[in-house]
Every structure is written in C-alpha cells, then in structure tokens.
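Numbering (this note's numbering), first residue to last: 255 to 563.
Note that the Cβ used here is the ideal one computed from N, Cα and C, for glycine as well.
All values derive from a computational prediction rather than experimental measurement.
The block underneath contains the structure these notes are about, expressed in structure tokens.
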C-alpha cells in the first residue's frame with residue numbers, strides 16, 4: 255500500500271471516525287512506519303508565523319549565540335543546522351532558551367513555541383494511541399507507555415544542497431527516537447522509502463503533518479511497526495525550514511516490547527534497550543558497520559539483516 259493520508263480533524267476517541275482512522279493509521283504504520291495526517295493542531299496563522307518570522311529570526315542569529323543552546327550544525331559537507339528544546343511545553347524551559355539567545359529575551363517567540371508544542375503533544379499522543387490500539391494494546395497499557403516518554407522540539411534549516419546532481423540535503427536514515435512529527439512549509443524536502451528502492455516525496459501541504467516511527471517504537475511494538483527510512487531532498491535548492499516534535503523514553507527507563515504484543519504468534523523480538531547506551535553505540539565506528547544496528551544491538555534473533563554494511 256501507499257503511505258496513507260488521514261484527516262483527523264474533529265476525530266474523537268470512541269466515535270466511528272476514531273475506528274476508521276485507527277484502521278487506516280495502523281495499516282500505514284505497519285507497512286511504512288509513516289502516515290500523513292491532516293489536523294488543525296497548529297492552525298494556519300500560527301504555522302505561518304512560525305515559518306515566516308520565528309524560524310528566520312532564530313537562524314539569522316550568529317553561530318556563536320546558537321551554539322550556547324542545543325545546536326547542531328557547522329559540519330563539513332552539511333548545509334543543515336537545527337536548534338532543540340527539551341520539554342518545550344514548559345514555559346520556563348522555552349523562556350530560558352530565548353533568554354540565552356536574546357539578552358532581553360523574546361516573549362513572542364517563547365509563547366509561539368510553547369503553544370505549538372502543547373498542540374503537538376496532544377496530537378502525538380493521539381497518534382501513538384491509534385496505532386497501539388490498532389495493534390491490540392489495551393488502553394491502560396498504552397497510557398502507561400505514554401507516561402514514560404519525554405518530548406522535545408527541534409527546528410531545522412536546510413540551505414542549498416551540496417550535491418547538485420542528487421539534491422540531497424540529508425542522507426537516508428531512521429530516527430533513533432520513539433516517533434517524530436514533521437511539519438514542512440512551502441519548500442519540498444521530505445522523502446520516505448516505501449520499498450523496492452522507491453522514494454515517495456511528501457509535499458509541504460498546509461495543515462498536514464507527517465508522523466513517523468523511530469527505532470524505539472519498533473522495539474515497543476515488538477517489530478510490528480518498522481522505523482521509517484527517510485531522507486531530505488530539495489531539487490528546487492531553496493532554503494527550507496521544518497519543525498520536528500517527538501518523544502523518546504525517559505532517561506534511565508528501558509525501552510521494552512509491550513506485553514500485549516508478545517505471544518505465541520508474535521514471539522519476543524527485542525531485548526530491553528537503554529537508549530543512552532544504544533545512542534552512543536549506534537553512531538560509533540562499530541555501530542555504523544551494521545545494516546540494521548537496532549537488531550544487531552538488542553535483537554533476539556540475529557540474521558542477514560544484521561550483516562555489516
């Protein structure tokens with residue numbers, strides 16, 4: 255199947271729309287680890303302000319200022335940079351972030367980031383609940399899983415691709431987190447691998463958000479949902495901004511398959527995973543040798559998928 259598109263506007267748990275959405279969302283996630291949703295979580299006005307004022311202002315700051323917060327960028331061959339905030343629903347955390355970047359703070363930007371993060375949190379929990387219920391997880395188990403997550407927002411800027419021939423800004427990869435919601439604006443970029451070497455471009459349509467599974471979600475679902483393989487490719491060579499929001503397991507809490515998803519027909523596929531330790535290993539010289547680092551690190555069964563690259 256192709257990556258599903260689901261309109262979740264007005265969908266409420268327990269109604270017929272919820273059941274239909276759950277079936278479509280789960281099928282797409284099982285097939286691709288990805289689904290495209292339409293929702294008014296951001297609102298067109300808030301989204302417009304975020305992409306036309308907040309992000310340009312943030313990335314126009316001197317590199318020295320940006321490096322005082324959670325900043326990634328300035329790597330050889332990378333026309334990409336990003337700024338992150340942990341627990342961005344907390345106004346104090348966001349205010350601390352803007353106070354570091356601007357001597358007098360920036361209340362307007364702080365309020366926008368908090369507002370967007372709160373809306374994204376509600377939507378992210380809704381998406382995980384739809385998928386887990388669709389796989390047969392009990393509501394109390396799904397809620398217990400959600401309570402063990404911490405969230406962050408990451409704002410990214412992509413410049414002109416270094417490789418004009420391929421137009422690739424970011425190489426194919428899977429996120430090592432639980433899940434990621436990606437908001438694009440006007441400029442193309444996100445592409446998802448759908449098998450057989452095919453890549454599908456996800457257009458930056460207003461009101462749409464891409465929800466994709468990370469490696470932690472593959473563990474939680476006992477392999478039922480694959481981590482989404484994706485890349486960034488910008489043939490237009492235009493400057494591109496994106497907003498990413500998502501969870502990962504809280505520090506010190508092991509990522510484990512949910513009990514409801516392990517039975518005789520679905521034997522245990524992954525051992526408990528400590529994210530901090532896995533993160534260090536995954537991007538080490540040793541971890542980069544494997545085609546499927548997650549299975550190589552904590553998979554119960556080792557096979558050709560864990561062969562070295």
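Fewer than three pairs of CB atoms, one per stretch, sit closer than 8 Å, so the region 355–372 makes no contact with the region 442–462. Here DSSP, grouped into helix, strand and coil, assigns residue 325 to strand. CA-to-CA, the gap between residue 551 and residue 485 works out to about 23 Å. Between the alpha carbons of residue 487 and residue 518 lies a gap of roughly 42 Å.
Under the 10 Å beta carbon count, residue 270 is surrounded by fewer than 16 other beta carbons and is classified as exposed. Contact between residue 516 and residue 476 holds, with the beta-carbon distance rounding to 6 Å and staying under 8 Å. 410 is the residue among 522, 410, 530 and 339 whose C-alpha sits nearest the C-alpha of residue 327. Contact check for residue 406 and residue 339: beta-carbon distance about 6 Å, within the 8 Å limit, so the pair qualifies. By alpha-carbon distance to residue 298, the top candidate from 286, 499 and 463 is 463. A straight line joining the alpha-carbon of residue 539 with that of residue 321 spans about 26 Å. C-alpha of residue 445 to C-alpha of residue 453: approximately 6 Å in a straight line. Residue state for residue 302 is assigned as helix, using DSSP reduced to three classes. Taking all protein chains shown into account, residue 449 has fewer than 16 neighbouring C-beta atoms within 10 Å of its C-beta and is therefore exposed. Judged by DSSP secondary structure, residue 348 falls within the alpha helix (DSSP H) whose first and last residues are 345–355.
Residue 312 is classed as buried because its beta carbon has at least 16 other beta carbons within 10 Å across all chains shown. Per DSSP, the continuous beta strand (DSSP E) segment holding residue 494 begins and ends at 494–503. Assignment of residue 482 by DSSP, reduced to helix, strand and coil, places it in the coil class. When the five nearest sequence neighbours on each side are left out, the beta carbons in the same chain lying within less than 8 Å of the beta carbon of residue 556 are those of 549 and 550, in order along the chain. The residues 386, 512, 513 and 514, in chain order, have a CB closer than 8 Å to that of residue 395 in the same chain once the five nearest residues on each side in sequence are set aside.
Note: residue 383 is not bridge-paired with any residue in the DSSP secondary-structure output.
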